[in-house]
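Chains as they are written, first to last, in our numbering: chain A, 1 to 271; chain B, 272 to 564. Don't be surprised by glycine CBs; every beta carbon is placed ideally from N, CA and C. Computed from a predicted structure; not experimentally measured. A quick write-up on the structure given underneath.
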């Protein structure tokens, strides 16, 4: 949707992205520019291709065609080493937090700090020893509103909201340049959802990171996003300011954001 | 007219019967051809499925092993896998070997006593334990305990996005999850089998001395005389192969889990079944390779 030239050098630039699983077209020609320092929200119904789009950008799924450039480098055609370095600049908060069960909370948070660095990053981010990494994990846990003593617990001992916070702490621990959020408030009560959104905004603004969040929580989308777009049947059908999501002037977006049963979007229900 | 009618009717009837037979025969032929083509199609699908599966496992194993010579290394993960595969499997392997050695002594006494060949019992026990029962029983026990646990753990990581999370944290999942476990299986099983060998022979000794009235010194002497380095070495080689197979199956099925809890459950079952069958098949192949005249 974003026209070329809208920003001179977008942090993330996607052109003609297609992905199908068998007969099902999930992404059908996505064009998108995400300027540096922007918090971009993608909304859309279940199965509209939001998660697949995010996983394509992360290099976890290979698209059928199209290009995904991060800082001008195409992740699709990059070598595995280059791709690993590019993914190393991205922090990700997964929908269910995806914390490692076999590690303690602080080991989860510090996982990226303890991971062996590719040579290109090693100069900027020296690898920490376990003592320093644990101390750093405590600081990051405090940043997301958790007591550092939580660090010695296992992820299974935490509530859903605490797990999301730990997932957020893990995503920002290595100060990545890009942050992805996959349904950050799903499964949380409205207050905890607002708390997580607030933490996301704080972290993104403080770090000056470029962020992409996918969600179908409208309140969350407006809290997190500067810009927003709607994905429907594998295509971006609208893009604009996140603040205008509830009065976009687009019938499909209106139906989706207000939750109207009748409208141009018909649910595929079998009777 | 009447005769003519009869002939016509009879002729018509014959033609009808013949055409019916021809149609029926054609139908039977078509059915047979369909059945044959169904069988051929089924065999074709099975062969393609098997080849694809074997190729997938081979590539997975090659990639897992390739990281052995490519740093970085995850020493903590390897140590944890070694502890789990080796040390924590000791009780179950030890008990299995102890009782199996005793059972062999008892059963072979029942058979050999008829021919006054009881003196061969020590030979039988030590040969059976070091060549076959030690590696095979330890392997099957570890397949049930460790192979299932690996498939369940890695499968759960797959369906809860933890493996994708590893990638986003600059960690190669194969290097972090698979390679340390393959190495642990390769190293831990021979040690477990050494313990199983000792305890299996001890089980046979205990039954022979306590229950069957053998003299301890003569039983030990007979055991030492029958024991060869080759038997023990081949048993340990088998153990290393079995350890690799068990951890490979656990990692492969876990890594390729799909579809939530049910998918993880079926991956776990597949890992144990595949490991057990491959283990017995490779036992035969290795026995044939090392001991066939």
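A residue is called buried once 16 or more other Cβ atoms fall within 10 Å of its Cβ, and residue 481 of chain B, having fewer, is exposed. Per the coordinates, the alpha-carbon of residue 408 of chain B lies some 42 Å from the alpha-carbon of residue 80 of chain A. Residue range 39-43 is occupied by the beta strand (DSSP E) that includes residue 39 of chain A. Residue contact check for residue 87 of chain A against chain B: a CB pair falls below 8 Å. Under the three-state reduction of DSSP, residue 341 of chain B is assigned to coil, being neither helix nor strand.
Nearest to residue 447 of chain B by alpha-carbon distance, out of B/368, B/558, B/302 and B/347, is B/347.
By the CB criterion at 8 Å, residue 238 of chain A and residue 247 of chain A fall outside the cutoff.
DSSP, read as helix, strand or coil, puts residue 21 of chain A in strand.
Here residue 144 of chain A carries a coil assignment [DSSP, helix/strand/coil]. Taking a C-beta distance under 8 Å as the contact criterion, residue 431 of chain B and residue 96 of chain A qualify as a contact pair. Note on geometry: alpha-carbon atoms of residue 326 of chain B and residue 469 of chain B lie some 38 Å from one another. If you draw a 10 Å sphere on the C-beta of residue 310 of chain B, you find fewer than 16 other C-beta atoms in it, and that means exposed. Cβ contact annotation for residue 467 of chain B (same chain, cutoff 6 Å, sequence separation greater than five): 364, 368, 405 and 409, in chain order. For the segment 344-371 of chain B, there are no residues whose beta carbon sits under 7 Å from a beta carbon of chain A. Taking a Cβ-Cβ threshold of 8 Å, the residues of chain B close to residue 94 of chain A are 432, 435 and 436, in chain order. The Cβ neighbour count for residue 77 of chain A, taken over all protein chains shown within 10 Å, is under 16; the residue is labelled exposed. Here residue 43 of chain A is near residue 216 of chain A, since their CB atoms are less than 8 Å apart. Those residues of the segment 183-196 of chain A placed with their C-beta closer than 8 Å to a C-beta in chain B do not exist. Shortest Cα-Cα distance from residue 181 of chain A to any of A/135, A/16 and A/50 involves A/50.
When C-beta distances to chain A are compared with 7 Å, the residues of the segment 411-431 of chain B below that value are 431, in chain order. Listed along the chain, the chain B residues whose CB falls inside 8 Å of the CB of residue 115 of chain A are 440, 441 and 442. Where residue 502 of chain B is concerned, the enclosing alpha helix (DSSP H) starts and stops at 500-526.
Between residue 221 of chain A and residue 229 of chain A the beta-carbon gap is near 10 Å, outside 8 Å, which marks them as no contact. Under the Cβ distance rule, residue 84 of chain A counts among the residues neighbouring chain B, one pair being separated by less than 8 Å.
The alpha-carbon separation between residue 207 of chain A and residue 166 of chain A amounts to approximately 17 Å.
Taking every protein chain shown into account, the CB of residue 184 of chain A has 16 or more other CB atoms within 10 angstroms, so this residue is buried.
At a C-beta separation below 8 Å, residue 111 of chain A has these neighbours in chain B: 440 and 442. When the five nearest sequence neighbours on each side are left out, the beta carbons in the same chain lying within less than 8 Å of the beta carbon of residue 418 of chain B are those of 517, 518, 520, 521, 542, 543 and 546, in order along the chain. For residue 494 of chain B, the enclosing alpha helix (DSSP H) starts and ends at 487-497. Taken in chain order, the members of the segment 54-85 of chain A whose beta-carbon sits within less than 8 Å of a beta-carbon on chain B are 55, 58, 59, 60 and 84. In this structure, the CA atom of residue 350 of chain B is about 8 Å from the CA atom of residue 455 of chain B.
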